[in-house]
Amino acid sequence: MNSTQEPAEKKVVVPLGYRQGIITAITVLLGFSLSFIRFWGFEAPGQWTLRSLISTGTLSLAIVLQIFALFRSLRVEDDELAEYRKTVKWFISSAIVLAIGLLLAAVEIIGKPGG
Numbered sequence: 154m155n156s157t158q159e160p161a162e163k164k165v166v167v168p169l170g171y172r173q174g175i176i177t178a179i180t181v182l183l184g185f186s187l188s189f190i191r192f193w194g195f196e197a198p199g200q201w202t203l204r205s206l207i208s209t210g211t212l213s214l215a216i217v218l219q220i221f222a223l224f225r226s227l228r229v230e231d232d233e234l235a236e237y238r239k240t241v242k243w244f245i246s247s248a249i250v251l252a253i254g255l256l257l258a259a260v261e262i263i264g265k266p267g268g
């Protein structure tokens, strides 16, 4: 090593098991989301309304965010703490959007006659 060269900056990595944990959490939530939207969009009785379209759109957005978070979590770069934290933020954002979509779906069900 030349004295004019600075040593490579050491990257802080996440502890063992953290990446596996977030990958598991994302896939569990993604599986639930896909199952729910399958029921909500294809199996639930009733007519489509503006409220049901809004809740379905919100649920679809949550699924897209979950897939993006899963993509990020599977990258080699996600071993770095800074990248891992960004992935966690994407995942938490997807969970919040999912909760909003589920709340809107519940309001839609309650608002139906006989619901």
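Residue 191 in my numbering sits at position 38 of the sequence shown; the count goes up by one each step and never skips.
Quick reminder that beta carbons are idealized off the backbone N, C-alpha and C, glycines included.
Discussion item. Quick check: the Cα distance between residue 212 and residue 169, rounded to an integer number of angstroms?
Written reply: Residue numbering aside, residue 212 sits at position 59 when the sequence shown is read from its first letter. Residue numbering aside, residue 169 sits at position 16 when the sequence shown is read from its first letter. Taking the straight line from one Cα to the other gives about 32 Å.
Worksheet item: Does the Cβ of residue 243 have 16 or more other Cβ atoms within 10 Å, making it buried, or fewer, making it exposed?
Response: Position 90 of the sequence shown, counted from the start, is the residue given in the question as residue 243. That one is buried.
Worksheet item: Taking the DSSP output, what are the residues bridged to residue 233?
Response: The residue labelled residue 233 in the question sits at position 80 within the sequence shown. For residue 233, which the question treats as bridged, DSSP gives the partners 166.
Worksheet item: Where does residue 227 sit, in a helix, a strand or coil, going by DSSP?
Response: For this step, residue 227 is matched to residue 74 along the sequence shown. Three-state DSSP puts residue 227 in coil, outside helix and strand.
Worksheet item: In chain order, what residues of the same chain lie with their CB nearer than 8 Å to the CB of residue 214, ignoring the 5 residues before and after it?
Response: Indexing the sequence shown from 1 puts residue 214 at position 61. Within the same chain, residue 214 has close Cβ partners 250, 254.
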